[in-house]
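S.K.: Quick note on the UniProt record's numbering: the sequence shown kicks off at 1 and runs consecutively.
Handing you a structure now.
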Amino acid sequence: MAVSLTQSAIMEMCSANCPEGLQPVLQVIELKLVQSQQNSNVERYRLVLSDGSHYQQGMLATQKNDLVHAGKLQKGSVVRLTQFICNVVQSRKIIIIVDLDVVLDKCELIGEPVPAPKDAPTESATGQSGVTSGNPQLLNSSSHTGGMPARPNVASPSPDHPKVNPSASGVYSSNAPPTYPKVEHGVSRSAPFSGSSGGQNTGFRNPQFEASRPLQNSYARPPQQPMYRQPSPMYTNRAPMGRNEAAPRIIPIAALNPYQSMWTIKARVTFKGELRHYTNARGDGKVFSFDLLDSDGGEIRATCFNAVADQFYNVIEAGKVYLISRGSIKPAQKNFNHLRNDQELTLDVASIIQPCLDDNDSIPSQTFNYRPISEIESLENNSIVDVIGVVTSISPTASIMRKNGTEVQKRTLQLKDMSGRSVELTLWGNFCIVEGQRLQTICDAGEFPVLATKAVRVNDFNGKSVGTIATSQLYVEPDFPEACTLKRWFENEGKSVPTLSISREISNLGKTDVRKTISQIKDEKLGTSEKPDWISVFAAVSHIKVDNFCYPGCPLKIGDRQCNKKVTNNADGTWHCERCNQSIDTCDFRYLLSMQIQDHTGITWVTAFQESGEEIMGIPAKDLYYMKYEEQDDDKFSEIFHKVLFTEYMFKLRIKEEFYSDEQRIKSTIVKAEKVLLLVHIHHAPTVESLVIALHFAQILEMYLDILQEGALPTGHLRD
């Protein structure tokens, strides 16, 4: 395949008058991995780009690293740069590649390129404060030793060898690991800025270069007038901009990288978080974050701490457009940041935020990446997704108690979309009161509203469901094209289309209908995975611990639910609940049964709480407690327990590995216990399964007879 490189592209890209819309076709004649010392988890690739006549160094944006990993971008590749920035770092130029297309994976060296001429320092170079996140030797063209030979060693690597040359031998003068100059924070003097690096004074000072800089403007040409009006001092954490500062050059969010010391982005605030207070080893602090979206669809999160948070919290408004300059560009903390950007901003005392009132229509109010509900079923737990659907049902708000003792509002609803699936969405906190109440009102009127969600979390407990988080956003009956399409589909045909739920309705049937034997619990290591196992076991009760069969619970209400926490006897006829911090006259005795169940394969211990305990015992725990301790009718008490022994049940169990006093154990909890009548099984379901149950019963009956012969069981029990 014949490929032509763009002639004189390197010279045009590095000039102050780079043609607008230039998308040069260049060849990668060197590619090297540069590991950041500040963050060892971030990979950065350095390239040398050639137009056949000249070559220049460049850096690849991290979001394009996958091209290197896939082997599409390598030494010898021919690429078309669709988005790039030519930065000036310490008087030398470097091409930041934001986006590119691979035209040809690999070919021989085209032409005999030589280093691009080193021009005299431009205004932007002189105005540059000298701050860089990498080793200047690795970034600047002066690191070449005496220029490149007429035919540098650029032979394509064989398929058996790696496509990235970590050492980059034969081109660069040093293979030593990169070192980073120490940066001191401060406010440096004003100097004019122009050219592609454009922007305002960074507010950083590097002593190595500060000594050689003139203290005042040394240029005879008059300074450029700023493009935007000087903002009010309330929007900046430093003195007003000098009159000789150039207009900011706006760059896309996707082009931000740690190698830039000066940048300005124009973006809309799509989300603003609350001002939160925290305490750590360094003391108390405060923080708030906001999400930004630009006209190219790039997203990034900005965070402010302490005094900076106080300075900007009342300035930032959701939905408004701002010009933002200066701040630290760091790897995103993906545990807390769900945006599709591997970087995030931390604003500091030198940051500048200017309201922008012009051309706001070019930036959308929000961007979505909708996933069909059918795809949520295969997503990993805790994944963050955008979902849009029709609300088919909604429940009232309920209050629940968290493990830390705080109360939170909860409301659930069902979302349905054109994929033929529905999912349960849980609203938490204020979402229940605002958007939840609006949805409730619409549904009560007999309508089915469309709900678009931004950033909800996937949960795999009891099937797949989604729930809101602090940074979620809900849009009720939006006028988005996707919402209009979904609304028309539902009104025309979707309302009558059968839907399969991926949440509790399907999950309960699926999980609890898995029939297992007791021996399989251990053999298959059930309960040892991250989530619990739900199974059904046909077994008989072989033993129940009589001591501590119940506990005194708190009957007080927390919201619309009973507390149920264990209370202590005050020895004066009253009970005290630590959770509610109240003393009460009566308590509610609740089951806490520890028992053995047995089938033909083995025995295991299980626990039954209140509801399942009553299903098994057939009497409330309170009545059984008074029978034992108030009436002291031991014979009747024992008879009730004996009647339960060797009764067959279909137990639905929840099995999960838990820790008790640093000891790891498998805990099996009875979710439901249903008595099994053998004759009903045989008569109504003469299947292989019913025959297996009959065999189980015969084996258990044989076991009973052995026990009777030993005199261990009253003979009257078998007749019962």
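Think of the CB as a built atom: it goes at the ideal place given N, C-alpha and C, for glycine as much as any other residue.
Remember, it's a predicted structure, so these values are computed and weren't measured experimentally.
1) DSSP three-state call for Pro449: helix, strand or coil?
2) Evaluate Phe589 with the Cβ neighbour count: other Cβ atoms within 10 Å of its Cβ, from every protein chain shown; 16 or more gives buried, anything less gives exposed.
3) Cutting at 6 Å between CB atoms, please list the residues of its own chain near Pro231, excluding the five before and the five after it.
4) Thinking just about the alpha-carbon of each residue, which of Ile584, Asp599, Lys622 is nearest to the one in Tyr591?
5) Using only CA atoms, which one of Asp460, Ala539, Arg488 lies nearest to Asp599?
6) Does the distance from the CB of Pro427 to the CB of Gly467 come in under 9 Å?
7) Can at least three beta-carbon pairs, one atom from the stretch 251-261 and one from the stretch 296-309, be found at a separation below 8 Å?
8) For Asn65, which of helix, strand or coil comes out of DSSP?
9) Taking its Cβ as the centre, do 16 or more other Cβ atoms sit within 10 Å of Cys563, making it buried, or is it exposed?
10) Would the beta-carbon of Leu345 fall within 9 Å of that of Leu415?
11) How is the alpha helix (DSSP H) around Ile376 delimited, first residue to last?
12) Apply the 10 Å Cβ neighbour rule to Arg421 and answer buried if 16 or more other Cβ atoms are within range, or exposed otherwise.
13) Could you please give me the residues that DSSP links to Lys272 through a beta bridge?
14) Return the bridge partner residues of Arg590 from the DSSP annotation.
15) Compare the Cα-Cα distances from Ile584 to each of Ile597, Lys565, Phe448, Leu593 and report the closest residue.
16) Mapping the DSSP letters down to three states, classify Cys18 as helix, strand or coil.
17) Determine, for Asn581, whether the minimum Cβ-Cβ distance to residues of chain B falls below 9 Å.
18) Between the Cα of Ile324 and the Cα atoms of Asn337, Phe290, Asn306, Ala332, which residue gives the shortest distance?
19) What does a CB cutoff of less than 8 Å around Ser419 pick up in its chain, not counting 5 residues either side in sequence?
20) May I ask you to report which of helix, strand or coil DSSP gives Phe538?
21) In the DSSP output, what is Glu491 paired with across the bridge?
22) Mark Tyr629 as exposed unless 16 or more other C-beta atoms lie within 10 angstroms of its C-beta, in which case mark it buried.
23) Would Glu657 and Lys667 be called neighbours here (beta carbons separated by less than 9 Å)?
24) Got a sec? Which residues, its chain only, sit under 7 Å from Arg340 by beta carbon, not counting five neighbours each side?
25) Which residue comes first and which comes last in the beta strand (DSSP E) that contains Arg301?
26) Under three-state DSSP, which class holds Asp623?
27) When the Cα atoms are used, what is the spatial distance from Thr471 to Ile352?
28) Taking only the alpha-carbon atoms, compute the straight-line gap between Val387 and Ala452 and give it to the nearest angstrom.
29) Bridge partners of Met59, per DSSP?
30) How many whole angstroms separate the CB atoms of Arg80 and Met59, which I take to be in contact at a CB cut-off of 8 Å?
31) Quick check on residue 729: does DSSP put it in helix, strand or coil?
32) Measure the CB-CB distance between Lys545 and Val390 and report whether it falls below 9 Å.
33) With a threshold of 6 Å on Cβ separation, who are the neighbours of Gly446 within its own chain once the five nearest residues in sequence on each side are excluded?
34) Taking only the alpha-carbon atoms, compute the straight-line gap between Ile597 and Phe651 and give it to the nearest angstrom.
35) Could you tell me if Ala309 is buried or exposed, where buried requires 16 or more neighbouring beta carbons within 10 angstroms of its beta carbon?
36) Kindly confirm or deny that the stretch 521-536 and the stretch 548-555 touch, where touching means at least three C-beta pairs closer than 8 Å.
M.R.: If we stick to the structure as given:
1) coil
2) buried
3) Unreliable placement is indicated for Pro231, whose pLDDT of 39 sits below 50; the coordinate value is still reported in the next sentence. Taken in chain order, the residues that qualify are Gln354.
4) Lys622
5) Ala539
6) Reading off the sequence shown, one finds Leu at residue 427, where the question assumed Pro. Yes, they are a contact pair.
7) yes
8) helix
9) buried
10) no
11) 373-376
12) buried
13) Phe290
14) Tyr551
15) Lys565
16) coil
17) This model lacks chain B altogether, as it is built from one protein chain only.
18) Phe290
19) Pro372, Ile373, Ser374, Glu375
20) strand
21) Answer is none; Glu491 lacks a bridge partner.
22) exposed
23) yes
24) Glu299
25) 299-305
26) helix
27) 24 Å
28) 6 Å
29) Arg46, Ile96
30) In fact, because the Cβ distance is near 17 Å, the residues do not count as touching under 8 Å.
31) Nothing about residue 729 can be read from this structure; the chain reaches only from 1 to 720.
32) no
33) none
34) 9 Å
35) buried
36) no
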